[in-house]
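In what follows, a single structure is set out as structure tokens and then discussed.
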Amino acid sequence: MSKKFVLFLLMLSVITLRADVLIINGLTHIFAASSGQVLSGRIELQNNASEPAIVRFYLTDYFFHHTGSTEYPEAGSLQRSNANWIELQAPEVTVPGNSNMTYSFSVIVPSDENLSGTYWGVIMVEPIIAFADEELEGITVRTKTRYAVQVVTNFGEPESRSIEIVGRSLSNNDGVYSLIMDIKNTSDWWMRPEVSASIFNQAGEVVGEFMGNTLRLYPQTSGRFVVPFEGLSPGDYRVLALIRDGEDVWGAQYSMKIE
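Last residue of the sequence shown: 680 in my numbering, with the numbers rising by one and none dropped.
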């Protein structure tokens with residue numbers, strides 16, 4: 422029997438296991454915090470299966486890059502982590518079948534008047550799948566669904582926000598050109614910038630206004646913003662890209678050639 426045939430038989434016997442526990446009140450909790458304060462939050466769980474579900478909870482940090490990579494380092498390892506301030510109701514709970522449950526957590530803010538800006542961490546919520554390997558034939562694929570619930574604490578009012586454009590490029594996807602901007606948050610406050618672009622022809626006339634996506638950026642994290650230029654004819658253009666976050670606006674100009 423050939424190796425390919427054996428592999429084919431094994432693939433036919435793959436069994437996928439999943440959980441039916443959902444979080445129904447959102448994956449981000451934002452608090453206005455002050456020194457020494459105790460904050461309370463809750464996670465609403467919903468079990469859509471008929472059987473009880475065991476759900477595990479633990480803390481991590483959270484960081485991401487414009488390249489698409491996401492990291493969940495040990496709780497408290499990042500400079501602006503608040504993960505060690507978070508107290509969980511329990512390391513795990515059992516949600517009855519076809520039922521909802523409220524899971525509580527607290528944020529114990531340190532007594533430190535120097536705290537300023539945004540601090541964040543993650544409560545990882547992971548349903549536990551129980552099964553007996555000996556009852557299953559072939560390869561068993563364990564598909565774990567886990568939720569990263571972000572807990573954000575903001576201290577005071579933003580004094581200033583700043584960004585760095587760490588990369589830019591022009592892509593062509595099936596004839597649709599797009600401006601790609603990689604933006605890093607270099608301030609101490611979180612932000613949610615949106616990127617737009619005005620396109621000018623060689624005569625200085627505006628030939629199009631285009632909107633891109635928006636992303637939440639924590640301090641020192643970076644994201645990729647894409648502005649598609651649909652319907653733009655071939656030619657030489659000047660691009661005025663604007664990055665807006667509330668009342669803060671940054672601009673950059675580029676030359677662009679579409680063939």
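Ideal placement from N, C-alpha and C gives every residue a C-beta, glycine not left out.
Computed from a predicted model, the values in this text were never measured in an experiment.
Check, Outcome
"Buried/exposed call for residue 468, threshold 16 Cβ in 10 Å", "buried"
"Best match in 666, 609, 654, 610 for proximity to residue 634 [C-alpha to C-alpha]", "666"
"Environment of residue 374 [buried if 16+ CB atoms lie within 10 Å]", "Since the displayed the chain opens at 422 and closes at 680, residue 374 lies outside it and no answer follows."
"Residue 445, enclosing beta strand (DSSP E) - first and last residue", "Unbroken run through residue 445: none, as it is neither H nor E."
"Through-space distance from residue 470 to residue 668, alpha-carbon basis", "47 Å"
"CA-to-CA distance, residue 616 to residue 648, given in whole angstroms", "7 Å"
"Which residues DSSP lists as bridging residue 510, in chain order", "In the DSSP output, where bridge partners are listed per residue, residue 510 has none listed."
"Residue 659 vs residue 612 beta-carbon contact at 8 Å", "no"
"Cβ neighbours of residue 678 in the same chain (closer than 7 Å, five flanking residues each side left out)", "657"
"Distance, residue 522 Cα to residue 528 Cα", "20 Å"
"Beta-carbon gap between residue 395 and residue 642 smaller than 8 Å", "Residue 395 cannot be examined here, being either before or after the span of the chain that is shown, 422 to 680."
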